[in-house]
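Visitor: Just passing along the structure, written as structure tokens.
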Amino acid sequence: MGIYGGTFDPVHHGHLRPALEVMEALALGEVCFVPNGRPPHRDSPGCTAEQRLQMLQAALAGQPGFSIDERELGRAGPSWTVDTLEQIRAEQGARPLCLIMGMDAFLGLPEWHRWQDLLALAHLVVMRRPGWKLPRDTQPGRLLHTNAAASKRDLHQQPAGLVLLQTVTPLDISATRIRALVAAGHSPRFLLPDPVWRLIGQQHYYGMKQ
Ligand code: ATP
1 MGIYGGTFDP VHHGHLRPAL EVMEALALGE VCFVPNGRPP HRDSPGCTAE QRLQMLQAAL
61 AGQPGFSIDE RELGRAGPSW TVDTLEQIRA EQGARPLCLI MGMDAFLGLP EWHRWQDLLA
121 LAHLVVMRRP GWKLPRDTQP GRLLHTNAAA SKRDLHQQPA GLVLLQTVTP LDISATRIRA
181 LVAAGHSPRF LLPDPVWRLI GQQHYYGMKQ
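Note that the sequence shown covers residues 1 to 210 in our numbering.
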């Protein structure tokens, strides 16, 4: 099972295509998107939790294997990934869990609450992302070095504890850039699914001009 956390403000093709590739490459049974409520490491998002959820639902509709877990949206206080993983682990027993993240998120891992507990709960699958390199002499670099999965098959053979670097189609798309385009009166079309762009247009999210 893949668990893919994010702000998804808004969800875009740089989230979706790599997630599909990871699901297929690693033969995951499903990828569960977990939108965060109040992201602990960033400024307040442009859209509310409900609006981000609506866009995510529109984006994932009809994709087999993709689902949404809303548990962090209802949580008071910050959304800590380790809390979510502990809950999912309790529900899933010994099922292998893969926490999926982009390279930028992996590099920021040492700032996460109880980050050293994450590997006891799940594998980490790190997707390469344009513009982000992993220096070996950093905590995440060492974590990869000491816990690297020898093969994709290993991820299925133990419930947690391995780190896998996964190459995906490099898509230099970010939600920050999409928000900036919309606010500047430009179209973000083709960077994100049309149903999401339609919602942004109809609801005038991200300071879109009327
Ligand atoms: P923002 O620009 O607002 O920071 P973002 O585009 O980075 O947003 P998030 O919702 O913060 O999107 O990211 C959720 C997860 O998706 C993170 O693990 C991030 O690394 C990953 N991700 C986002 N965009 C890409 C991309 N283009 N390629 C690979 N991974 C990505």
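Using N, Cα and C, we set each Cβ at its ideal position, and we do this for glycine too.
Just so it is clear, the structure is predicted and the values come from calculations on it, not from any experiment.
Which residues does DSSP list as the beta-bridge partners of Leu-123?
Guide: As a first step, residue 123 is located in the sequence shown; it is residue number 123 there, counting from the start. Note that residue 123 corresponds to His in the displayed sequence, not to Leu. Partner(s): Cys-98.
Visitor: Where Pro-135 and Leu-107 are concerned, what is the direct C-alpha to C-alpha distance, given to the nearest angstrom?
Guide: Here residue 135 refers to the residue found at position 135 of the sequence shown. Here residue 107 refers to the residue found at position 107 of the sequence shown. Their Cα atoms are separated by approximately 9 Å.
Visitor: Taking the beta strand (DSSP E) that Pro-110 belongs to, which residues open and close that run?
Guide: Here residue 110 corresponds to residue number 110 of the sequence shown, with the count starting at 1. Per DSSP, Pro-110 belongs to no beta strand (DSSP E) and is neither H nor E.
Visitor: Report the CB separation of Gly-2 from Cys-47 in whole angstroms; it is logged as a contact under 8 Å.
Guide: As a position in the sequence shown, residue 2 is number 2, starting the count at 1. As a position in the sequence shown, residue 47 is number 47, starting the count at 1. The pair is not a contact, with the Cβ atoms about 24 Å apart (cut-off 8 Å).
Visitor: Compute every distance between the C-beta of Thr-84 and the non-hydrogen atoms of ligand 2, then say whether any falls below 7 Å.
Guide: This structure does not include ligand 2; its bound ligands are ligand 1.
Visitor: Quick one: measure Cβ to Cβ for Val-22 and Ala-59, integer angstroms, because I've assumed they're closer than 8 Å.
Guide: Here the question's residue 22 lines up with position 22 in the sequence shown. Here the question's residue 59 lines up with position 59 in the sequence shown. Not quite, the Cβ-Cβ distance comes to about 16 Å (not below 8 Å), so this is no contact.
Visitor: Flag Ile-68 as yes when its Cβ comes closer than 7 Å to any non-hydrogen atom of ligand 1, and as no otherwise.
Guide: In the sequence shown, the residue the question calls residue 68 occupies position 68. Incorrect: Ile-68 has no Cβ contact closer than 7 Å to ligand 1.
Visitor: Can you check DSSP and say which residues form a bridge with Tyr-206?
Guide: On the sequence shown, position 206 is the one that residue 206 refers to. Tyr-206 is not bridged to any residue.
Visitor: One question on the structure: do Pro-18 and Val-168 come within less than 8 Å of each other, judged by their Cβ atoms?
Guide: Counting from one through the sequence shown, the residue named residue 18 turns up at place 18. Counting from one through the sequence shown, the residue named residue 168 turns up at place 168. Taking 8 Å as the Cβ cut-off, Pro-18 and Val-168 qualify as a contacting pair.
Visitor: Going by beta-carbon coordinates alone, are Arg-71 and Gln-87 separated by less than 8 Å?
Guide: As a working mapping, residue 71 is identified with position 71 in the sequence shown. As a working mapping, residue 87 is identified with position 87 in the sequence shown. Yes, these two residues count as a Cβ contact at 8 Å.
Visitor: Measuring straight from C-alpha to C-alpha, what distance separates Leu-28 and Ala-150?
Guide: Taking the first residue of the sequence shown as 1, we reach residue 28 at position 28. Taking the first residue of the sequence shown as 1, we reach residue 150 at position 150. Each residue's alpha carbon lies about 17 Å from the other.
Visitor: What's the call for Pro-110, buried or exposed, on a 16-neighbour Cβ count within 10 Å?
Guide: Here residue 110 is taken as the residue at index 110 of the sequence shown, counted from 1. Answer is exposed; the Cβ neighbour count stays below 16.
Visitor: Hey, how far is the Cα of Gly-62 from the Cα of Ile-100?
Guide: The residue given as residue 62 occupies position 62 in the sequence shown. The residue given as residue 100 occupies position 100 in the sequence shown. Near 21 Å, if we compare the C-alpha coordinates of Ile-100 and Gly-62.
Visitor: Could you give the C-beta distance for Met-113 and Trp-80, rounded to a whole number, given that I count them as a contact under 8 Å?
Guide: Taking the sequence shown and counting its residues from 1, one reaches residue 113 at position 113. Taking the sequence shown and counting its residues from 1, one reaches residue 80 at position 80. Residue identity check: residue 113 is His in the sequence provided, not Met. Correct: roughly 4 Å between the Cβ atoms.
Visitor: Does the stretch 187 to 199 come within contact of the stretch 135 to 145, defined as at least 3 CB pairs closer than 8 Å?
Guide: Contact between the stretch 187 to 199 and the stretch 135 to 145 is absent, because fewer than three Cβ pairs lie under 8 Å.
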